[in-house]
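262 is the number that the working numbering gives to position 277 of the sequence shown; each next residue is one higher, with no gaps.
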Amino acid sequence: SVRWGLIGASTIARQFMINAIRAQADGEITAVMSSSQERAASYAQENNIPLAVSTLDALLGADIDAVYISTTNELHLEQALAAIKAGKHVLCEKPLALTSADARKMVAAAKAAGVVLGTNHHLRNAGAHRAMHEAIAAGRIGKPVAARVFHSVYLPESLQGWRISKPEAGGGVVLDITVHDADTLRFVLGDDPVEISAFTQSAGMANSGLEDGAMCIWRFKSGVIAQSHEGFTTKFAGTGFEVHGSEGSLFASNVMTQKPVGSVLLRTAQGEQELSFDREDLYTRSLRQFHAAIRGEGQPSATGEDGVWSLTSAEAALQSAKLGKAVAIDPKL
Ligand code: NDP
């Protein structure tokens, strides 16, 4: 079995990851760590976790094989490096760190220690995105030309905390959502971005100089250009993902989400067709791949390197917005 320690008494763990771990035949949760012993204890009790601790040493000293890190973003680096040093496999939330240089350190450390490092980019596990990826790889839209990602949401009141007020914790919509769009574009297109241009805004929700909306224009290696819109302040926008090719277009609707929902339409000279896809929970699939990677079978659905790519892209977007010009994306991998 794989015994997990949770680093961070977070919302995402409570809503999705605890279930995803327990959905594995060989998944167990041994311990949870919070910065507050009291929060750790109540979180452990609410979620039926045997051990509650408030230090990293105590967590890493427990009977665990792997850690899931879902603390605020400024803490990921140090916690991941300590876990790797203790010989634990690490599934870390995005962004892996606050800078791509730090994320590369995590990748190098995991490689040297021979442990698995994954980035929790859930959207690669969505049936909708896998159906799009497969349709493109099979040539069903001909040569891809352009893509459009609609990923502007309304940040629920319960999450209107560090994301909109703490630059030092890695707040802002670019580190929160643009990283996902970078990863999803790379996965669906099977291509890597080389350049980005971005405008950001503070539309009334975020403070302390943080952005709560962004529009990015991307250029990919193959020549594909893409646009993406990320936001925290739009209540009624809905989400979507389109890829347009020489022989067809894919229109996915309501797919930039944590749930296995939405639809994908293929339009070609032959007409329109809804693509069917599986509706498995995204996080459960992510965990299954991670467990397989621990057994030496394949890789996590998003690797540490994928996390470096998405963070490098987000970093370049922020820099572009600041400088007012396009910025190259080079993950230095
Ligand atoms: P939360 O704000 O829920 O949790 C982050 C930290 O805040 C926790 O580790 C906890 O600290 C502290 N905290 C949470 N609730 C309370 C509370 N009521 N009182 C005091 N402290 C509290 O963040 P999220 O779960 O939304 O995000 C955590 C990480 O996961 C981030 O890196 C984020 O980017 C990522 N994420 C990824 C998603 C995905 O789908 N891949 C989706 C959502 C988030 P402590 O542990 O010390 O108690």
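From the three backbone atoms N, C-alpha and C, an ideal C-beta is built for every residue, glycine too.
Paired residues, beta bridge with residue i - DSSP
i, result
"Tyr28", "Looking at the DSSP assignment, Tyr28 forms no beta bridge with any residue, so it has no partner."
"Glu13", "Arg(-12)"
"Val312", "Ile181"
"Gly155", "Beta-bridge pairing links Gly155 to no other residue."
"Gly233", "Thr253"
"Ala113", "Answer is none; Ala113 lacks a bridge partner."
Collapsed DSSP secondary structure at residue i in the structure displayed
i, result
"Gly256", "strand"
"Met18", "strand"
"Ile126", "coil"
"Phe1", "helix"
"Val(-8)", "One detail in the question is off: residue -8 reads as Ile in this sequence, not Val. Strand."
"Ile202", "strand"
"Thr56", "coil"
"Ser150", "helix"
"Glu23", "helix"
"Gly133", "Residue 133 is actually Arg in this sequence, not Gly. Arg133: strand per DSSP, three-state reduction."
"Leu81", "coil"
Extent of the continuous alpha helix (DSSP H) to which residue i belongs
i, result
"Tyr268", "Leu267 to Ile279"
"Glu290", "Gly289 to Leu308"
"Ile210", "That residue, Ile210, is in no alpha helix (DSSP H); its beta strand (DSSP E) goes Ile210 to Gly216."
"Val164", "Val164 to Leu174"
"Lys90", "Ser85 to Ala98"
"Asp42", "Leu41 to Leu45"
"Ala65", "His61 to Lys70"
Range covered by the beta strand (DSSP E) that runs through residue i
i, result
"Phe226", "Gly225 to Gly230"
"Met241", "Note, Met241: premise wrong, no beta strand (DSSP E); not H, not E."
"Val75", "His74 to Cys77"
"Phe184", "Pro178 to Gln186"
"Thr104", "Leu102 to Thr104"
"Val38", "Leu36 to Val38"
Cβ distance (whole Å) where residue i is taken to contact residue j below 8 angstroms
i, j, result
"Lys96", "Gly230", "That pair is no contact at about 36 angstroms."
"Leu296", "Leu81", "6 angstroms"
"Leu76", "Ala51", "7 angstroms"
"Gly103", "Gly289", "7 angstroms"
"Ala287", "Ala301", "In fact, because the Cβ distance is near 19 angstroms, the residues do not count as touching under 8 angstroms."
"Val(-13)", "His214", "No, Val(-13) and His214 are not in contact; Cβ-Cβ is about 38 angstroms, not under 8 angstroms."
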